[in-house]
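A quick write-up on the structure given underneath.
Residue numbers (the numbering used here): 6 to 313.
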């Protein structure tokens, strides 16, 4: 099996979700530090235009969205699964809600005026303008994703209280071992806690704080940083795994040209040959001059696929 490569940047909250899971799995992997904003010339040949971070690469197979990345990681390192059968639906639904709605809440809190003044990025007027322009492009055409601070703060405190109550009786959210819901929650708590001026939100919640420290202690695994050009070369010299007897739902057929994109934001379509469009996964094949033949994988939940 090809070695795992994580395309990420240090401040990325969803990258932290994957890094923490890799730490829990004691994984050895490579990472590429990509730019916080576009352009990303070494990444776009792999994704075909998908621009949300992180992206995971296994040779010539590329995975977009942490929902499918975490599933693949759990399959690669099956010991101590984070998808326990006895709470699978509950934990996955909780994880999905956290990565969508609570993500909006956490962003609204993290980027409140009192925090922005301490952000190095926002102290540089040109860098701040470039960041805001990039994020405007990322969310262009999307349904409302931002949340006003006063609304976000009330939801944030309420959910922290609920989490603290849940964690009063167990080490992790759904028992004595972490599941995917823990990692989805952890990275958003981490995102806010990175801002020292906002750490007061967590002071009343001792059970939540103890839980946070447990997951933080997993670390990020054994990681080697490589350049984007090396990751491209690895893809170009690999062959993607073949998908056999794939199911295609929604009146689509394997082999036809399609586009795939998220349903919420980051509505930049990836075009390619449909390989699978099943209950859990969408996969398309595409060819790039730099990367060769690539198969790009997406989770079914949260993505749409349409005939080109």
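Using N, Cα and C, we set each Cβ at its ideal position, and we do this for glycine too. All figures in this text were calculated on a predicted structure; none of them were measured in a lab.
Measuring CA to CA, which of 136, 277, 30, 313 is closest to residue 302? Taking the first residue of the chain shown as position 1, residue 302 is located at position 297. The residue with the shortest Cα to Cα distance from residue 302 is 277.
Please determine, among 120, 230, 224, the residue with the shortest C-alpha to C-alpha distance to residue 202. One-based indexing of the chain shown puts residue 202 at position 197. For the residues 120, 230, 224, the minimum Cα distance to residue 202 belongs to 120.
For residue 267, the first and last residue of its enclosing beta strand (DSSP E): For the purposes of this step, residue 267 is identified with residue 262 of the chain shown, where counting begins at 1. Residue 267 -> beta strand (DSSP E) spans 262 to 267.
If you check the beta carbons only, do residue 10 and residue 286 fall under 8 Å apart? What you label residue 10 is simply residue 5 of the chain shown in a count that begins at 1. What you label residue 286 is simply residue 281 of the chain shown in a count that begins at 1. Cβ atoms of residue 10 and residue 286: not closer than 8 Å.
For residue 313, which residues of its own chain have a beta-carbon under 7 Å away from its beta-carbon, when the five flanking residues on both sides are left out? In the chain shown, residue 313 corresponds to position 308, counting from 1. Excluding positions up to five away in sequence, the list reads 262, 263, 264, 276.
Do the segment 20 to 39 and the segment 70 to 88 make contact, defined as three or more Cβ pairs closer than 8 Å? yes
Measuring alpha carbon to alpha carbon, tell me which of 207, 176, 83 ends up nearest residue 166. By 1-based counting over the chain shown, the position of residue 166 is 161. Among 207, 176, 83, the Cα nearest to that of residue 166 belongs to 207.
Going by alpha carbons, who is nearest to residue 56 out of 248, 69, 129, 62? To locate residue 56, count along the chain shown from 1; it is residue 51. Residue 69 is the option with its Cα nearest to residue 56.
Determine the burial state of residue 45: buried for a count of at least 16 other Cβ atoms within 10 Å of its Cβ, exposed for fewer. Numbered from 1 along the chain shown, position 40 holds the residue referred to as residue 45. Under this definition residue 45 is a buried residue.
Can you find the residues in the same chain that come closer than 7 Å, C-beta to C-beta, to residue 65, ignoring five residues on each side of it along the sequence? Walking along the chain shown from the start, residue 65 turns up at place 60. Closer than 7 Å at the Cβ level, and outside the excluded window around residue 65, lie 240, 243, 244, 245, 297, 298, 299, 300.
According to DSSP, is residue 30 part of a helix, a strand, or is it coil? On the chain shown, residue 30 is found 25 positions in, with the first residue counted as 1. In the three-state reduction of the DSSP assignment, residue 30 falls in the coil class.
Does residue 234 pass the burial test, meaning 16 or more other C-beta atoms within 10 Å, or should it be called exposed? Counting from 1 along the chain shown, the entry for residue 234 is found at position 229. Exposed, because fewer than 16 other Cβ atoms sit within 10 Å of the Cβ of residue 234.
Would you report the Cα separation of residue 291 and residue 87, rounded to the nearest angstrom? The sequence position of residue 291 within the chain shown is 286, counting from 1. The sequence position of residue 87 within the chain shown is 82, counting from 1. Each residue's Cα considered, the two are about 31 Å apart.
Candidates 148, 224, 159, 17: which alpha carbon is nearest residue 271's? As a first step, residue 271 must be located in the chain shown, where it is residue number 266. Of the listed residues, the one whose Cα sits closest to residue 271 is 148.
Residue environment, residue 254, which counts as buried when at least 16 other CB atoms sit within 10 Å: Counted from its first residue, the chain shown places residue 254 at position 249. Counting Cβ neighbours within 10 Å, residue 254 comes out exposed, since fewer than 16 surround it.
Measure the C-alpha to C-alpha separation of residue 307 and residue 118 and round it to an integer number of angstroms. Translated into the one-based positions of the chain shown, residue 307 becomes position 302. Translated into the one-based positions of the chain shown, residue 118 becomes position 113. Looking at the two C-alpha atoms, the distance is approximately 30 Å.
Span of the beta strand (DSSP E) around residue 113: The sequence position of residue 113 within the chain shown is 108, counting from 1. From DSSP, residue 113 is part of no beta strand (DSSP E) but of the alpha helix (DSSP H) over 108 to 115.
Mind the definition here: the segment 144 to 161 touches the segment 48 to 62 only if three or more C-beta pairs lie below 8 Å; say whether that holds. no
Hey, quick one: how far does the alpha helix (DSSP H) through residue 71 stretch, first residue to last? Position 66 of the chain shown, counted from the first residue, corresponds to residue 71. That run of the alpha helix (DSSP H) goes 71 to 81.
CA-CA distance, residue 199 and residue 103? Looking up residue 199 in the chain shown gives position 194. Looking up residue 103 in the chain shown gives position 98. Computed Cα separation, rounded: 18 Å.
The alpha helix (DSSP H) with residue 171 in it runs from where to where? Within the chain shown, residue 171 is the residue found at index 166, counting from 1. Here the alpha helix (DSSP H) through residue 171 covers 154 to 171.
Within its chain, find whatever has a CB closer than 6 Å to the CB of residue 177; leave out the 5 residues flanking it on each side and keep chain order. What you label residue 177 is simply residue 172 of the chain shown in a count that begins at 1. Excluding residues within five positions, the ones whose Cβ falls inside 6 Å are 183, 187.
Where does residue 221 fall in DSSP's three states? By 1-based counting over the chain shown, the position of residue 221 is 216. In the structure shown, residue 221 falls within a helical segment according to DSSP collapsed to helix, strand and coil.
Collapsed DSSP secondary structure at residue 238 in the structure displayed: Counting from one through the chain shown, the residue named residue 238 turns up at place 233. Residue 238: helix per DSSP, three-state reduction.
Boundaries (first-last residue) of the beta strand (DSSP E) holding residue 185: Here residue 185 is taken as the residue at index 180 of the chain shown, counted from 1. That residue, residue 185, is in no beta strand (DSSP E); its alpha helix (DSSP H) goes 185 to 198.
Put residue 257 into one of helix, strand or coil per three-state DSSP. On the chain shown, position 252 is the one that residue 257 refers to. Residue 257: coil per DSSP, three-state reduction.
Can you pull the DSSP bridge partners for residue 61? The count along the chain shown starts at 1 and reaches residue 61 at position 56. 11, 68.
Contact between the segment 135 to 142 and the segment 29 to 44 (3+ Cβ pairs under 8 Å): yes
Do you know offhand how far residue 106's Cα is from residue 19's? Residue 106 sits at position 101 when you count from the first residue of the chain shown. Residue 19 sits at position 14 when you count from the first residue of the chain shown. About 14 Å.
For residue 311, which residues does DSSP report across the bridge? Along the chain shown, one-based indexing puts residue 311 at 306. Checking the DSSP bridge columns, you'll see residue 311 partnered with 264.
In this structure, does DSSP put residue 104 in helix, strand or coil? Translated into positions along the chain shown, residue 104 becomes position 99. Helix.
Secondary structure at residue 40, three-state DSSP: helix, strand or coil? The residue labelled residue 40 in the question sits at position 35 within the chain shown. DSSP, reduced to helix, strand and coil, places residue 40 outside both helices and strands of the structure shown, so it counts as coil.
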